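Residue numbers (this note's numbering), protein chains in the order written: chain A, 236 to 475; chain B, 236 to 475.
Take a look at the structure below.
Protein chains: 2
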Amino acid sequence: MNLVLFRSDEERRTLLRDDRRFQHLVSVLRIVPGDRVAVGIVGGAVTSARVTTVEPERIVLDWDGDDSPAQPLLPLTVVVGHPRPIVLRRLVKDLATLGVSRILVFRGELSEKSYLESSIWSDGSLDEALLLGAEQAGTTVFPSVSRLWSLERAIAAVSGDSVVVFSPDGPARPRDVLAELRGSSEVAVVLGPERGFSEKEENLIARTRCTRVRMGERTIRTETACLLAVGAVATATGWW
Amino acid sequence: MNLVLFRSDEERRTLLRDDRRFQHLVSVLRIVPGDRVAVGIVGGAVTSARVTTVEPERIVLDWDGDDSPAQPLLPLTVVVGHPRPIVLRRLVKDLATLGVSRILVFRGELSEKSYLESSIWSDGSLDEALLLGAEQAGTTVFPSVSRLWSLERAIAAVSGDSVVVFSPDGPARPRDVLAELRGSSEVAVVLGPERGFSEKEENLIARTRCTRVRMGERTIRTETACLLAVGAVATATGWW
């Protein structure tokens, strides 16, 4: 946690013992009165607070720092076949840290049908993953996350973007293929679910104006592939 | 698991119920007699076997496929400050999947001293992580993993390589900076521990002939940074 992030409707001066942020400040960062910590409100500026009180039941923060703008999001959408829910939670956190703008999770024809009805879509765990990811990055803004019932709908949702499909049977040489993204304003990367794309989905991709690429010859996990795709695009475009 | 991997001294025709590979084949891949699965022996060829028997207590495999060579490792060493042991385990697995040659884990001056004496270095969990990573990649070869007591020793161990240090205060534009790696034969990437490099370590890096680079403006987790570093180098060199 590189920033203590508050929702806009939360009390922000006092953190109580049962709050995970209290636990982190005390157990990991071992703060003492007089320390300064980076703080922010979702969607707002990054600023800092002085720790005035550290007691067994509460921490008191005095928000007296200057504001600086939060790191903006990358103009990048990640379209990904629904992985196992526990994997999606971790992926959402990591993509929030990297700062993509949108995460579109689609039900692939070959993915497990039940995943889109997982409790992570309703129990707040994805919201928490987004907050944790933003806190790691030290920022106050994070991606939107949506579920879509087919690849077709996901592709339609990114129709204005430069679309890059990462798949094991794409052509090699990401360096050369991605070079054409230089100067792109909005990019979407598309990655299949663990079992890959169906023939119908492959046909849809073939009809879509997109760049296809693969990352090496190995079968890598969806979550690793997503992070590598973000890194590859952010590097190729010059956003990083 | 995209390949069932056996150690050279293991019985390889029969998998028993308490074996994780048995569990995976039955519960995840739901194999039935007559199915074919990719198999291999550590360090050997990739081949395939026919499943002849699936019983509650055992699976029998008939190794009758043709051999093909295992995916070679990338000529890449990852030098990383020791993260939390549970994180290291996952990182080792992912780096085995990506196929780096060596993982050198060093004790940073700012890292938690106890980590290098963690039980993961003696209880076989890193070996298992390597096997799992190779199985994910569908290959039989995986990195060596060593612990080193300082960054200095780690840097000495990669003295013949092109060294790239990834750090938050490196210059921007990984695309341009990494372009000079094109055609490199051996590369080492260096990443600090969570708390970064000490002043002494920074001085050591300054004296080392190396390229410095950062990946964006955000504070990302060590394990994410390592995967992105591998992707960035494999792309820039043209290995991918």
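We put the beta carbon where it would ideally sit given N, CA and C, even for glycine.
Everything numeric in this text was worked out from a predicted model, so none of it was measured.
Give the straight-line distance between the Cα atoms of residue i and residue j, rounded to the nearest whole angstrom.
i: Leu238 of chain B; j: Leu462 of chain B; result: 22 Å
i: Thr288 of chain B; j: Val277 of chain B; result: 24 Å
i: Thr454 of chain B; j: Gly343 of chain B; result: 18 Å
i: Ala369 of chain A; j: Ala273 of chain A; result: 12 Å
i: His259 of chain A; j: Arg247 of chain A; result: 16 Å
i: Trp384 of chain B; j: Leu439 of chain B; result: 15 Å
i: Leu251 of chain A; j: Thr374 of chain A; result: 22 Å
i: Thr470 of chain B; j: Ile390 of chain A; result: 26 Å
i: Trp475 of chain A; j: Ala284 of chain B; result: 46 Å
i: Gly279 of chain A; j: Arg388 of chain B; result: 44 Å
i: Leu264 of chain A; j: Asp254 of chain A; result: 15 Å
i: Leu426 of chain B; j: Val261 of chain B; result: 39 Å
i: Leu240 of chain B; j: Leu361 of chain B; result: 16 Å
i: Glu421 of chain B; j: Gly395 of chain B; result: 8 Å
i: Phe341 of chain B; j: Arg417 of chain B; result: 27 Å
i: Gln371 of chain B; j: Gly269 of chain B; result: 22 Å
i: Gly300 of chain B; j: Ile321 of chain A; result: 35 Å
i: Ser243 of chain B; j: Ala460 of chain B; result: 34 Å
i: Asp411 of chain A; j: Met236 of chain A; result: 36 Å
i: Cys445 of chain B; j: Ala464 of chain B; result: 15 Å
i: Trp298 of chain A; j: Val468 of chain A; result: 37 Å
i: Gly359 of chain B; j: Asp302 of chain A; result: 49 Å
i: Glu437 of chain B; j: Gly316 of chain B; result: 13 Å
i: Leu367 of chain B; j: Arg256 of chain B; result: 10 Å
i: Leu386 of chain B; j: Asp404 of chain B; result: 18 Å
i: Pro310 of chain A; j: Pro310 of chain B; result: 33 Å
Return the bridge partner residues of residue i from the DSSP annotation.
i: Ala284 of chain B; result: B:Val272 and B:Trp298
i: Val226 of chain A; result: Any answer about residue 226 of chain A is impossible in this case: the structure gives chain A only from 236 up to 475.
i: Arg417 of chain B; result: Bridge partners of Arg417 of chain B: none, in fact.
i: Ser381 of chain B; result: B:Leu339
i: Arg293 of chain A; result: A:Leu251
i: Thr312 of chain A; result: A:Arg337 and A:Ala423
i: Val303 of chain B; result: The displayed chain sequence assigns Ser, not Val, to residue 303 of chain B. In DSSP, Ser303 of chain B forms a bridge with B:Val281.
i: Phe241 of chain B; result: B:Ile276
Can you find the residues in the same chain that come closer than 6 Å, C-beta to C-beta, to residue i, ignoring five residues on each side of it along the sequence?
i: Thr249 of chain B; result: Arg293 and Val295
i: Arg271 of chain B; result: Ser283 and Arg285
i: Glu245 of chain B; result: none
Using beta-carbon positions only, say whether residue i and residue j come within less than 8 Å of one another.
i: Val376 of chain B; j: Leu308 of chain B; result: yes
i: Met450 of chain B; j: Gly334 of chain A; result: no
i: Ala392 of chain A; j: Leu323 of chain A; result: no
i: Ser336 of chain A; j: Thr312 of chain A; result: yes
i: Arg447 of chain A; j: Pro406 of chain A; result: yes
i: Val314 of chain A; j: Ala423 of chain A; result: yes
i: Glu452 of chain B; j: Gln306 of chain A; result: yes
Quick one: what's got a C-beta closer than 7 Å to residue i's C-beta in the same chain, skipping five residues either side?
i: Pro318 of chain A; result: Leu326, Pro428, Glu429, Thr457 and Glu458
i: Thr443 of chain A; result: Ile390 and Val398
i: Glu363 of chain A; result: none
i: Arg382 of chain A; result: Val340, Leu351 and Trp356
For residue i, collect the residues of the same chain with a Cβ closer than 8 Å to its Cβ; drop the 5 residues on either side in sequence, then sort them by chain order.
i: Leu365 of chain A; result: Val327, Lys328, Ala331, Phe377, Pro378 and Val380
i: Pro304 of chain A; result: Ala280 and Val281
i: Ala414 of chain A; result: Ala471
i: Gly473 of chain A; result: Arg417 and Gly418
i: Gly275 of chain A; result: Leu238, Val239, Leu240, Phe241, Val281, Thr282, Ala305, Thr374 and Thr375
i: Ile266 of chain A; result: Leu260, Val272, Val286, Val289 and Ile294
query = Can we say the region 429-438 of chain B touches the region 348-360 of chain A, given the rule of at least three CB pairs closer than 8 Å?
reply = No: the two stretches stay apart, fewer than three of their Cβ pairs being nearer than 8 Å.
ask   = Using 8 Å as the Cβ pair cut-off and three pairs as the minimum, do the region 390-406 of chain A and the region 353-362 of chain A touch?
value = Segments in contact, no.
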